[in-house]
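Every letter in the sequence shown is one number past the one before it in my numbering, and letter 265, counting from 1, is 266. Here a beta-carbon is modelled for each residue, glycine too, at the ideal position from N, C-alpha and C.
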Amino acid sequence: MSKSKPGTEHRARKRFGQNFLEDDNIIRRIVKSIHPTADDNLVEIGPGKGAITEQLLAACPTLNVIELDRDLIPILLSQFIANYPDFQIHQQDALKFDFGTLLTDKDQQKKPPLRIVGNLPYNISTPLIFHLLSYQADVKDMHFMLQKEVVDRMAAHPGQKSYGRLGVMVQYYCRVENLFDVPPECFNPRPKVDSAIVRLVPYEQPPFPAKNIKLLERLVNTAFQQRRKTLRNALKQLLPTEAIESLNIDTSVRPENITLQEFVALSDKLAEHLDKNPDLA
Ligand code: SAM
């Protein structure tokens, strides 16, 4: 395990979710799973003091990074800019960052789809992933370190306790692979929870395309707001019981037993229902 390198001293800030990776073996394992190459359009979110950045740059010198904490920018510059003149730092909030700006070069030529990586600040990981899903057509893959519990929710199947809105919506867009766990000892300061690495690969075509994605989001959201109720009761405000039954879906089960394909069928039914009853939209 390595200590902070000279020139990278920085007091970790809780409000930025700063838990810096300090275990070289884990860093190598993460980068090996990403397998970056020189032709990639690679973006790292939250490079921090550059623990993963260093190895990413060695493989892909055109790396872009997005870091919110301005105090970390000189630390990143002093380490890398001399050897990697094409390294680009965006001192911005990744939640508001327009990832579309990374899809063309300075001559407005189209660049390859994005490969996005990051040891994400746990406090913003779910909204950030929803923000990134809005770019899924332009994303080749994503590798994230997240709270293990969040990775479990992303990869969960119907019937599992951790199955919910996050899993359904991420699995709508992406193939999800839970790669490996990372214990708190690998970080400084140590987080209170276990972490895990997840790989998300957006589908070229979602396997179960919904007629209206906004309606799918609304329906899934409503269903899991009341996850202990039966499906019939949880969706009462949106769909009459007969409409659900017409899809051969058992209305007495809980939302956590409904598959992605069934949620899509329900949202298509909702689209039909709203077309017939525009005053409900
Ligand atoms: N990648 C480094 C590592 O593995 O050691 C740091 C990881 S630390 C868990 C999360 C990083 O994300 C911090 O550097 C933090 O400042 C940065 N960060 C927090 N909120 C952010 C945001 N909204 N946008 C961009 N970066 C953010």
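query                                                                                   : result
Endpoints, the beta strand (DSSP E) within which V66 is located                         : 65–67
Same chain, Cβ closer than 8 Å to P128, five either side skipped, listed in chain order : L96
For A197: DSSP bridge partner residues                                                  : L147, D182
Check: I53 C-beta below 7 Å from any heavy atom of the ligand SAM                       : yes
Identity of the residues DSSP links to D142 by a beta bridge                            : R116
Secondary structure of C175, DSSP reduced to three states                               : strand
Exposure label - F181; buried when at least 16 CB within 10 Å                           : exposed
N-terminal and C-terminal residue of the alpha helix (DSSP H) that Q206 is part of      : No alpha helix (DSSP H) contains Q206, which DSSP labels as neither H nor E.
Extent of the continuous beta strand (DSSP E) to which I46 belongs                      : 42–46
Residue range of the alpha helix (DSSP H) that includes Q80                             : 74–81
Three-state secondary structure assigned by DSSP to F17                                 : helix
Closer than 7 Å: D24 CB and nearest the ligand SAM heavy atom                           : no
Pairwise C-alpha distance: A60 and K33                                                  : 11 Å
Closer than 7 Å: Q89 CB and nearest the ligand SAM heavy atom                           : no
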